[in-house]
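Reading through the structure tokens given below for one structure.
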Amino acid sequence: AAWAATPPDTAASAPHAVVTTELFVRQAAAMLKFVVSSSQLALRKTKSEAVQGFARQLILDYSAAGMRFKQLVADGKLKLPRDALDANHKALADELAKTPPGKAFAKAFIEVQIKSLRDNLEPFRAYSQSGDDERMKFFAQEMLPVLRSHLEQAEKLRP
Numbered sequence: 026a027a028w029a030a031t032p033p034d035t036a037a038s039a040p041h042a043v044v045t046t047e048l049f050v051r052q053a054a055a056m057l058k059f060v061v062s063s064s065q066l067a068l069r070k071t072k073s074e075a076v077q078g079f080a081r082q083l084i085l086d087y088s089a090a091g092m093r094f095k096q097l098v099a100d101g102k103l104k105l106p107r108d109a110l111d112a113n114h115k116a117l118a119d120e121l122a123k124t125p126p127g128k129a130f131a132k133a134f135i136e137v138q139i140k141s142l143r144d145n146l147e148p149f150r151a152y153s154q155s156g157d158d159e160r161m162k163f164f165a166q167e168m169l170p171v172l173r174s175h176l177e178q179a180e181k182l183r184p
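FYI, my numbering numbers position 99 of the sequence shown as 124, with every residue one higher than the one before it.
And the structure:
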């Protein structure tokens, strides 16, 4: 609500949302797990070569990011959430699991990836600028262009 009240000309200089390290770790873990598991599901539930290619790329990129992330969590003696999927990502995963295979799934997969990527851009951007754990801050900075690139790719695949 505070953002909505900010006049457009001052929005760029307004302070950014503060994301705690604990919250960022929870959100990043949920996103990484969701993207990989939903992409693995896409490989089984659609024959679209474009969607399968995108899913394979997501699996590669987010599996690698997940390994780096887990190492950073361990190095920083941070706590990983027990159930990596948060309510938002669990709802998206459940939606995909119920979607019938084929074209309907391909369309739903792309829409869900767009929603997930858009939802995750802001916390990653905020933490990359004001995070208090340098390792996680660097990880957020590293992941921002990846998230943006995948969002662009997903939007191009939108039917």
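We put the beta carbon where it would ideally sit given N, CA and C, even for glycine. Only a predicted model underlies this, so the values are computations on that prediction, with no experimental measurement involved.
Excluding five sequence positions before and after P184, the CB atoms of its chain that fall closer than 7 Å to its own CB belong to K132, given in chain order.
If you ignore the 5 residues before and after H114, its C-beta comes within less than 6 Å of the C-beta of A55, F59, all in its own chain and listed in chain order. In this structure, K128 is the residue among D158, E47, K128 with its C-alpha nearest to the C-alpha of L182. Check the Cα spacing between R51 and each of K104, R69, G78, S63: the tightest is with K104.
About 40 Å separates the CB atoms of K162 and P126; that is not less than 8 Å, and the two are not in contact. In the same chain as L172, and ignoring 5 residues on each side of it, the C-beta atoms closer than 8 Å to its own belong to L142, N145, L146, F149, in chain order.
Ranked by Cα distance from L121, the first of K140, A53, L48 is K140. Distance from the CA of T46 to the CA of D158, rounded to the nearest whole angstrom, comes to 7 Å. Pairing V61 with G101 gives a Cβ-Cβ distance that is not under 8 Å.
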